[in-house]
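So the first sequence is numbered by my numbering: it starts at 461 and just counts up by one. Glycine included, C-beta positions come from ideal geometry on N, C-alpha and C. Treat the numbers as computed from the prediction; the structure is a model and nothing was measured. Have a look at the structure below before the remarks.
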Amino acid sequence: MPEAATIVKNLLRWYLTEARELPWRQNRDPYGIWVSEIMLQQTQVKTVIPYWERWMKRLPDVDRLARARETTVIKLWEGLGYYSRARNLQRAAQMIQNEHKGCFPSDYEALLALPGVGPYTAGAVSSIAFGQPRPIVDGNVIRVLTRVDGIRESTKLSQTIRELWSRSESLVRFASELWRPGRNVCGDFNQSLMELGATVCLPRQPLCCDCPLRRCCRARAEGMIEVIPNLGARKKMIARMFIAVVVRRTGRYLVRQRSAGEINGGLWEFPNVELTSQDPSGAVWLDSGMGLDPSKLSALGEVKHSITNNRITLKVYCSDVSPDYCVMEEAGEWLEASELERYAFTAAHRKIVRRAINENGR
DNA sequence: TAAACGTGGGT
DNA sequence: TACCCAAGTTT
């Protein structure tokens, strides 16, 4: 295995000149760094940047987040996915107010005790915001370290992941001994590991010629870059079809809120149902469920999206109904177009809002 | 331990 | 198009 000194020194030097300027890197505010780390879970930097900017403008500190309305928090998160992250963020802020007197905890165990903070995030915040020598293992670190060390075992094995934590730990410990005035070597080293994975040591066609570790990388030396990391098989995607309908009555639109406990709980959507062999076109649902005449609908096309391992196609229709129309089956709310903007919709249904209302100027 | 949890970027 | 997969955590 390459020596820690080689890896750490080359990465720290590289990071000095190649680190991207990201908004949450402008200072060491633990709150801003924590928010960025939660947003970045399973989400790319490019996607996060505008969300982080808006969030920090609206909820600039722990106190403001703790006191915010949950609807505000979810609206700020709209489109990012994994909405429990946003709710946990607020719960954690309230814990910081109540159990830490509003002072952001620097203790690793205290960080780990916050909802939504696991081993990765606790390590990231304690190293980046507080300069502590805590290891991190995320998707980038898995890729970089398995390649550098030439680890061919499946990353699905808990033994493999344990080894990576151990390696990450010894590396950041080495970094901590390189203390420099005015530099956070632990935070910089951990970020350099992820930065390399995000910009150079890419999943496919990595830019090995630009890599500061190219001379010590075992996977490169052994021609194994294409098969390391050994990630194992993915779950297959399941195709599903839904029908959704935009019902408009005297300038208002019928929407409903998804119940807590189901996927995307608490978010808003237009009435919709999955197409089955019982009702393959959705005509039964439209007629008996919604009280609409399927022949009087106008088609708005299809919206495609994926949620976890479901690949979903939504067939979207629009229907203008008379002032005395009322829904039989489900409780919903009638919202004006301007209100649709203020409510948090699921990503797929936000696309419908744009297509059906905004772009058509109705 | 494995599955659930969302969405969009990139090839 | 059809994948892959992203600064993971929770149950």
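The stretch 689-715 contains, as complete beta strand (DSSP E) runs of 3+ residues, the segments 698-709 (chain order). Per the C-alpha coordinates, the member of Cys677, Arg622 and Trp484 positioned closest to Leu471 is Cys677. Exposed is the label assigned to Met461, since fewer than 16 other Cβ atoms lie within 10 Å of its Cβ. Membership of Val585 in any beta strand (DSSP E) is not indicated; the residue belongs instead to the alpha helix (DSSP H) covering Pro579 to Ile588.
Cβ-Cβ separation between Val522 and Ser587: approximately 20 Å, too far for a contact (criterion under 8 Å). Taking C-beta separations shorter than 6 Å and ignoring five residues to either side along the sequence, the partners of Gly583 in its chain run Arg594, Pro595 and Ile596, following chain order. Residue burial annotation: Ala635 is buried, with at least 16 other C-beta atoms found within 10 angstroms of its C-beta. Going by beta carbons, Arg518 and Leu536 fall inside the 8 Å limit. Looking only at Gly725, Gly541 and Gln486, the smallest Cα-Cα distance to Val508 is reached by Gly541. With respect to the 8 Å criterion, Ala589 and Pro490 are classified as neighbours on the basis of their beta carbons.
Annotation for Arg718: Asn724, Gly725, Gly726, Leu727, Trp728, Glu729 and Thr806 place their beta carbon closer than 8 Å to its own, counting only its chain and skipping 5 residues before and after.
Apart from the 5 residues on each side of it in sequence, Ile467 sits with its Cβ closer than 8 Å to the Cβ of Val608, Leu631, Leu673 and Cys676 in its chain, given in chain order.
Taking each of Arg485, Phe702, Arg547 and Thr477 in turn and checking the Cα distance to Ala720, the smallest one comes out for Arg547. Straight-line measurement puts the Cα of Lys756 at about 22 Å from the Cα of Thr736.
Considered as a whole, the stretch 494-553 harbours 505-518, 522-527 and 530-537 as its complete alpha helix (DSSP H) runs of no fewer than 4 residues, in chain order. The straight-line gap separating the alpha-carbon atoms of Arg514 and Pro483 is approximately 11 Å. Separation of Val645 and Leu638 (C-alpha to C-alpha, rounded to the nearest whole angstrom) is 7 Å. Contact between Pro689 and Thr615 is confirmed by a C-beta separation of about 5 Å, below the 8 Å threshold. Considering only Glu497, Met750, Ala808 and Glu481, the residue with the shortest C-alpha distance to Asp780 is Met750.
Spatial neighbours of Tyr543 in its own chain (CB-CB distance under 8 Å, excluding positions within 5 residues in sequence) are listed in chain order as Ile534, Trp537, Asn724, Gly725, Gly726 and Leu727. Nearest C-alpha to Arg708 among Ala816, Ala573 and Glu497: Ala816. In terms of Cβ geometry, Ala679 and Gly599 do not form a close pair [threshold 8 Å]. DSSP places Ile772 inside the beta strand (DSSP E), whose first and last residues are Asn770 to Val781. Checking the DSSP bridge columns, you'll see Phe805 partnered with Trp728. Arg640 counts as exposed, since fewer than 16 other beta carbons sit within 10 angstroms of its beta carbon. For the stretch 615-698, the full-length alpha helix (DSSP H) segments reaching 4 residues or more read 618-636, 645-659 and 678-681 along the chain.
Listed as beta-bridge partners of Leu795 by DSSP are Tyr713. Judged by DSSP in its simplified three-state form, Glu569 adopts helix.
Check the Cα spacing between Asp784 and each of Ser766, Gly742, Pro731 and Arg712: the tightest is with Arg712.
Spatial neighbours of Ala804 in its own chain (CB-CB distance under 8 Å, excluding positions within 5 residues in sequence) are listed in chain order as Thr531, Ile534, Lys535, Trp537, Glu538, Gly726, Leu727 and Trp728. Under the DSSP assignment, Lys764 falls in the beta strand (DSSP E) whose first and last residues are Ser758 to Ile767. When beta bridges are read from the DSSP output, Glu734 appears opposite Phe702.
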